[in-house]
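Q: The sequence shown begins at 15 in this note's numbering and counts up one residue at a time.
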Amino acid sequence: MATASFPDMKPTSRRFRMGDIPSTTYTSLSGAVFRRAYGNKKTGYTLDLTFENISDVAELKTNSGTTNEILDHYESVNGTFKSFALTNTTFSGMGASVRGRIQAPSNVKWRYASPPEVRSVYSDISTVTVKLVAEIEA
15 MATASFPDMK
25 PTSRRFRMGD
35 IPSTTYTSLS
45 GAVFRRAYGN
55 KKTGYTLDLT
65 FENISDVAEL
75 KTNSGTTNEI
85 LDHYESVNGT
95 FKSFALTNTT
105 FSGMGASVRG
115 RIQAPSNVKW
125 RYASPPEVRS
135 VYSDISTVTV
145 KLVAEIEA
């Protein structure tokens, strides 16, 4: 059974870090350096999403979604265990070339790197930070 995509919400800010090719560096006794690559696809992409001043409950929901939607999604994918897809709204307002780098390769799936962080701003208003890590599904 497929897991639900991340809630269809536009983040206030995003922070993306590209992955790297899995490799190990060895240094010989003579000081020569050798590198060994273990593949040709980058791994370890990370994406941090911040949703500022969003409603906690559906009754106050604006176009940005709710805190409970994010927390419900986190629970539905068993925390950091299951992977999921991101919706196009997650990348809304971002240039196509940068968006393409984040979504490449095409079979990349995301999972929570850690539980969402919720900071209460006002009664029923919160700022939520989500840290995601990308994996290539086999």
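Using N, Cα and C, we set each Cβ at its ideal position, and we do this for glycine too.
On a predicted model such as this, the values are computed, not experimentally measured, just so you know.
Thinking C-alpha only, which one of 53, 25 and 67 is nearest residue 133?
A: Residue mapping note: residue 133 aligns to position 119 of the sequence shown, counting from 1. Nearest of 53, 25 and 67 to residue 133, Cα basis: 67.
Q: Using 8 Å as the Cβ pair cut-off and three pairs as the minimum, do the stretch 96-110 and the stretch 31-44 touch?
A: no
Q: Beta-carbon within less than 8 Å of residue 53's beta-carbon, same chain only, minus the 5 sequence neighbours each way: which residues are those?
A: The residue you call residue 53 lines up with position 39 of the sequence shown. Counting only Cβ-Cβ distances below 8 Å, and skipping sequence neighbours, we find 35 and 36.
Q: If I measure Cβ to Cβ from residue 143 and keep anything under 6 Å in the same chain, skipping five residues before and after, which residues do I get?
A: Here residue 143 is taken as the residue at index 129 of the sequence shown, counted from 1. The residues are 64 and 131.
Q: Nearest to residue 25 by CA position, among 97, 80, 112 and 50, is which residue?
A: Counting from 1 along the sequence shown, the entry for residue 25 is found at position 11. For residue 25, the nearest C-alpha among the options comes from 80.
Q: Determine, using beta carbons only, whether residue 70 and residue 27 come nearer to each other than 8 Å.
A: By one-based count along the sequence shown, residue 70 stands at place 56. By one-based count along the sequence shown, residue 27 stands at place 13. In this structure, residue 27 does not lie closer than 8 Å to residue 70 by Cβ.
Q: Can you have a look at residue 110 and say buried or exposed, based on whether 16 or more other CB atoms are within 10 angstroms of its CB?
A: By 1-based counting over the sequence shown, the position of residue 110 is 96. Under this definition residue 110 is an exposed residue.
Q: Just verifying my parser: in three-state terms, what is the DSSP assignment at residue 52?
A: Along the sequence shown, read from residue 1 onward, the residue named residue 52 stands at position 38. Here DSSP, grouped into helix, strand and coil, assigns residue 52 to coil.
Q: For the beta strand (DSSP E) containing residue 148, name the first residue and the last one.
A: As a working mapping, residue 148 is identified with position 134 in the sequence shown. 139-150 is the span of the beta strand (DSSP E), which, as asked, contains residue 148.
Q: Distance check for residue 44 and residue 126, CA to CA, integer angstroms please.
A: Mapped onto the sequence shown, residue 126 falls at position 112. Mapped onto the sequence shown, residue 44 falls at position 30. Going by the C-alpha atoms only, they are around 43 Å apart.
Q: State buried or exposed for residue 40, treating a residue as buried only when at least 16 other CB atoms are found within 10 Å of its CB.
A: Position 26 of the sequence shown holds residue 40. Classification of residue 40: exposed, given that the 10 Å Cβ count is below 16.
Q: In chain order, what residues of the same chain have a beta carbon less than 6 Å from the beta carbon of residue 128, not counting five sequence neighbours either side?
A: Looking up residue 128 in the sequence shown gives position 114. Closer than 6 Å at the Cβ level, and outside the excluded window around residue 128, lie 145.
Q: Let me confirm a value: residue 135 is counted as buried when at least 16 other C-beta atoms fall within 10 Å, else exposed. Which label applies?
A: Taking the first residue of the sequence shown as position 1, residue 135 is located at position 121. So residue 135 counts as exposed.
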